[in-house]
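Chains as they are written, first to last, in the working numbering: chain G, 4 to 83; chain D, 10 to 185. All residues carry an ideal CB built from backbone N, CA and C; glycine is no exception. All of these numbers come straight from a predicted model, not from anything done at the bench.
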Amino acid sequence: MTAPNLSSEHLILSHRGMQYFVTYLTGLVAAYWVVIDSVRLRRALRSDREQGAVRDQIFGSIVGLVIGAIGIIGSYLGSP
Amino acid sequence: MASNVNPANAVTASRFLTLPPFVWCVANGWYQWAAACIIVCGLLDLVDGAVARIFDCITPFGAVFDALADGICYGFFLLILVLYAWVPWPPVVVILLLGVLNIGLRAKYARRAGQTVNYRSFAMERCVAYAAYLGGFGVTAYEVRYFYWAFAIIMAVTVAHDAKRMLVDPLELEAA
Chain G
4 MTAPNLSSEH LILSHRGMQY FVTYLTGLVA AYWVVIDSVR LRRALRSDRE QGAVRDQIFG
64 SIVGLVIGAI GIIGSYLGSP
Chain D
10 MASNVNPANA VTASRFLTLP PFVWCVANGW YQWAAACIIV CGLLDLVDGA VARIFDCITP
70 FGAVFDALAD GICYGFFLLI LVLYAWVPWP PVVVILLLGV LNIGLRAKYA RRAGQTVNYR
130 SFAMERCVAY AAYLGGFGVT AYEVRYFYWA FAIIMAVTVA HDAKRMLVDP LELEAA
């Protein structure tokens, strides 16, 4: 993979500012995601797990939690 | 039932207007403006649902059109980033193939159900939201390999789960 052609002209933020922006945005959204899916998972676990739709909700919330964890770890790895 | 020509679908259609400037920005290295195009596209995705509720114009076509717009816009962003070598191609190929497989499974599920019905996958909804961020990580060169391969693995697990639900498990149409 060749390095992308990133222009230093017409910037909205400095390169470093952009890195901070993406880090904080990713971390905040991922944390929010973890909280929301934790609540959804708790609610789904209290429902009747015999129903396929409830099992789907449980699986979806677990996937959401994993994605949130990936986001938090990624924002840590990419922090300036 | 509300007409298919309505404000919500107009907002959904307007998402395609972000694609040409995105290509131009990537071609010229204006990566922050390319990120802005992706953010606008994502915000319009949030707005169209709200507009549909405010104007009471929720239609089955609108739901399908919204899902199609997601696939086309986010898939297009990834393809352009691969074409300009801003992101590695192997995870993107895996992701796009899984996306095509997912569409095929849904068609098979509708045939099995004998009616036009969309299988609601809560996990795939999370994956689509994650896909919106993939473009942003790609244009800002932010931990690209980590986020792209993690997404490919999660999508593979989700598609495998949904394949079992759609093809093997008993039909539960009220869940769709």
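Only counting the same chain, and skipping five residues up and downstream in sequence, which positions put a Cβ closer than 8 Å to that of Y151(D)?
Numbered from its first residue, the second sequence carries residue 151(D) at position 142. Closer than 8 Å at the Cβ level, and outside the excluded window around Y151(D), lie G145.
For the alpha helix (DSSP H) holding E134(D), just list the boundary residues, first then last.
Numbered from 1 along the second sequence, position 125 holds the residue referred to as residue 134(D). Here the alpha helix (DSSP H) through E134(D) covers F131 to V148.
Measuring straight from C-alpha to C-alpha, what distance separates R129(D) and V57(G)?
Numbered from its first residue, the second sequence carries residue 129(D) at position 120. Numbered from its first residue, the first sequence carries residue 57(G) at position 54. If you take the alpha carbons of R129(D) and V57(G), they lie about 12 Å apart.
Beta-carbon separation (whole angstroms), L114(D) vs M164(D), contact threshold 8 Å
Position 105 of the second sequence, counting from 1, holds the residue named residue 114(D). Position 155 of the second sequence, counting from 1, holds the residue named residue 164(D). About 13 Å separates the two Cβ atoms, so there is no contact after all.
Residues of its chain near Y40(D), where Cβ-Cβ distance is below 6 Å and the 5 sequence neighbours each way are ignored:
Residue mapping note: residue 40(D) aligns to position 31 of the second sequence, counting from 1. Only V148 meet the Cβ criterion.
Whether A17(D) touches D57(D) by CB criterion (9 Å):
Counting from one through the second sequence, the residue named residue 17(D) turns up at place 8. Counting from one through the second sequence, the residue named residue 57(D) turns up at place 48. Yes.
Beta carbon of T68(D), beta carbon of N111(D): below 9 Å?
As a position in the second sequence, residue 68(D) is number 59, starting the count at 1. As a position in the second sequence, residue 111(D) is number 102, starting the count at 1. For T68(D) and N111(D), no; Cβs fall outside 9 Å.
In chain G, what lies closer than 8 Å to I89(D) by C-beta?
Position 80 of the second sequence, counting from 1, holds the residue named residue 89(D). Those do not exist, as I89(D) stays about 12 Å from chain G at its closest Cβ, beyond 8 Å.
Along chain D, in chain order, which residues have C-beta atoms closer than 8 Å to that of D59(G)?
Taking the first residue of the first sequence as position 1, residue 59(G) is located at position 56. Going along chain D in sequence order, the residues near D59(G) (Cβ under 8 Å) are R129, S130, F131, A132, R174 and A184.
Taking its Cβ as the centre, do 16 or more other Cβ atoms sit within 10 Å of P100(D), making it buried, or is it exposed?
Here the question's residue 100(D) lines up with position 91 in the second sequence. Classification for P100(D): buried.
Would you grab the beta carbon distance between R24(D) and C50(D) for me? Rounded to a whole angstrom, and I think it's under 8 Å.
Translated into the one-based positions of the second sequence, residue 24(D) becomes position 15. Translated into the one-based positions of the second sequence, residue 50(D) becomes position 41. Between C50(D) and R24(D) the Cβ distance is about 5 Å, and since that is below 8 Å, they are a contact.
V69(G) touches chain D at which residues, Cβ-Cβ below 8 Å?
On the first sequence, position 66 is the one that residue 69(G) refers to. The answer, in chain order, is I163.
Does the distance from the CB of F219(D) to the CB of G77(G) come in under 9 Å?
Nothing about residue 219(D) can be reported from this structure: the residues present for chain D run from 10 to 185 only.
Counting only beta-carbon separations shorter than 9 Å, does I73(G) have a partner in chain D?
The sequence position of residue 73(G) within the first sequence is 70, counting from 1. At least one chain D Cβ lies under 9 Å of I73(G).
Local conformation of S41(G) per DSSP, three classes:
Against the first sequence, residue 41(G) aligns to sequence position 38. DSSP places S41(G) in helix when its eight states are reduced to three.
For the pair the stretch 26-45 of chain G and the stretch 67-74 of chain G, tell me if three or more CB-CB distances fall below 8 Å.
yes
Using a Cβ-Cβ cut-off of less than 7 Å, list which residues of the stretch 66-79 of chain D approach chain G; keep chain order.
none
Put A44(D) into one of helix, strand or coil per three-state DSSP.
The residue you call residue 44(D) lines up with position 35 of the second sequence. The answer is helix: DSSP assigns A44(D) an H, G or I state.
Given this structure, state the Cα-to-Cα distance separating P123(D) from L180(D), to the nearest angstrom.
Numbered from its first residue, the second sequence carries residue 123(D) at position 114. Numbered from its first residue, the second sequence carries residue 180(D) at position 171. A small correction: the amino acid at residue 123(D) is Gly; Pro does not occupy that position in the sequence shown. If you take the alpha carbons of G123(D) and L180(D), they lie about 11 Å apart.
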